[in-house]
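Residue numbers (this note's numbering): 258 to 546.
Note that CB positions come from ideal geometry on N, CA and C, so glycine has one too.
Below: one structure, written as structure tokens.
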């Protein structure tokens with residue numbers, strides 16, 4: 258390598274030819290994903306959106322090594338997904354915060370470090386650092402049941418980040434929140450991402466949320482899930498409440514909506530029920546596959 262050459266940085270996520278079949282060979286066999294190719298650059302935020310049951314959550318779980326791909330390969334930070342999971346290369350946040358009611362906020366955030374046998378003083382310091390980052394430094398001794406839904410989700414994000422992963426995988430984390438809290442959490446995620454330089458893969462049913470958050474929106478088809486379109490978002494690196502009133506934001510929302518409507522039309526023309534839900538009830542219900 259020449260002395261002035263810049264070393265190539267591996268993709269944060271590289272998915273190639275991935276397919277996923279549940280109950281293969283059985284009467285209730287379901288093909289959830291087919292021929293998925295996706296590369297996510299370090300520091301990028303990519304939103305996954307598509308009809309209910311299209312495989313968004315399954316794809317996220319495959320990246321996280323929580324379920325195996327039937328075909329294809331998944332590489333995270335230059336490593337096979339299984340190795341990346343063992344090395345704690347990613348954090349994960351779900352629709353429900355999943356906090357332990359009997360543990361304080363601080364001890365909930367400490368938990369991943371506790372499981373890694375990190376020294377008590379160090380894990381306390383790192384947990385406090387993450388709680389300050391999500392603006393909950395004054396609530397370390399509270400219990401989850403004493404917090405609002407939005408605050409609980411911030412605790413869950415702090416817990417996902419406490420191991421200092423370069424990648425954050427988020428599966429409908431704001432779907433159960435009211436609209437004002439949801440928009441506040443979107444802004445908080447943008448702030449945290451900017452401060453830490455974290456790569457994010459974000460599953461959502463909401464078109465405005467997908468556009469507001471993402472550098473690129475990945476549109477998926479009904480089952481078997483496949484990527485039909487990848488839409489760049491031209492909103493710049495810094496976003497605020499004013500971003501939602503910009504022409505570029507409305508243009509992005511329209512482009513994603515039209516891509517989803519195109520899927521719906523194609524499915525109906527093929528004689529299939531597309532079950533396209535763009536937001537609303539599906540966001541609360543979650544993704545079946």
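Same chain, Cβ closer than 6 Å to residue i, neighbours up to 5 away in sequence not counted
{"i": "residue 426", "result": "317, 321, 347, 349, 458"}
{"i": "residue 327", "result": "276, 277, 278"}
{"i": "residue 351", "result": "428"}
{"i": "residue 287", "result": "279"}
{"i": "residue 452", "result": "none"}
Helix, strand or coil at residue i according to DSSP, with G and I counted as helix
{"i": "residue 502", "result": "helix"}
{"i": "residue 539", "result": "Any answer about residue 539 is weak, because its pLDDT of 38 lies below 50 and its placement is not dependable; what the coordinates show is given next. In this structure, residue 539 counts as helix in the three-state DSSP scheme."}
{"i": "residue 494", "result": "coil"}
{"i": "residue 294", "result": "strand"}
{"i": "residue 513", "result": "helix"}
{"i": "residue 486", "result": "strand"}
{"i": "residue 307", "result": "coil"}
{"i": "residue 406", "result": "helix"}
{"i": "residue 390", "result": "helix"}
{"i": "residue 412", "result": "helix"}
{"i": "residue 382", "result": "helix"}
{"i": "residue 276", "result": "strand"}
{"i": "residue 269", "result": "coil"}
Chain-order list of residues whose beta-carbon lies under 8 Å from that of residue i (same chain, five-residue window excluded)
{"i": "residue 552", "result": "Any answer about residue 552 is impossible in this case: the structure gives the chain only from 258 up to 546."}
{"i": "residue 442", "result": "407, 410, 411, 430, 431, 434"}
{"i": "residue 471", "result": "302, 303, 304, 459, 490"}
{"i": "residue 394", "result": "385, 388"}
{"i": "residue 516", "result": "476, 485, 486, 488"}
{"i": "residue 274", "result": "292, 293, 294, 328, 329, 330"}
{"i": "residue 353", "result": "433"}
Rounded distance between the beta-carbons of residue j and residue i, thought under 8 Å
{"i": "residue 267", "j": "residue 334", "result": "6 Å"}
{"i": "residue 468", "j": "residue 493", "result": "In fact, because the Cβ distance is near 13 Å, the residues do not count as touching under 8 Å."}
Own chain, CB closer than 7 Å to residue i, minus 5 neighbours either side, in chain order
{"i": "residue 371", "result": "380"}
Inset, instruction - Inspect the CB distances between the segment 273-283 and the segment 422-438 and report whether three or more fall short of 8 Å. - result: no
Inset, instruction - Would you be able to state if there are at least three C-beta pairs under 8 Å between the segment 293-301 and the segment 349-364? - result: no
Legend entry - Ordered list of beta strand (DSSP E) runs contained in the segment 416-441, each at least 3 residues: 424-428
Legend entry - Sufficient close CB pairs (3 or more, under 8 Å) joining the segment 379-388 to the segment 460-468: no
Inset, instruction - Write down every uninterrupted run of the alpha helix (DSSP H) in the segment 313-380 whose length is 4 residues or greater and which is fully enclosed by it, in chain order. - result: 313-320, 338-343, 362-372
Inset, instruction - Would you list, in sequence order, the uninterrupted beta strand (DSSP E) runs of no fewer than 3 residues that lie entirely inside the segment 453-483? - result: 456-460, 473-477
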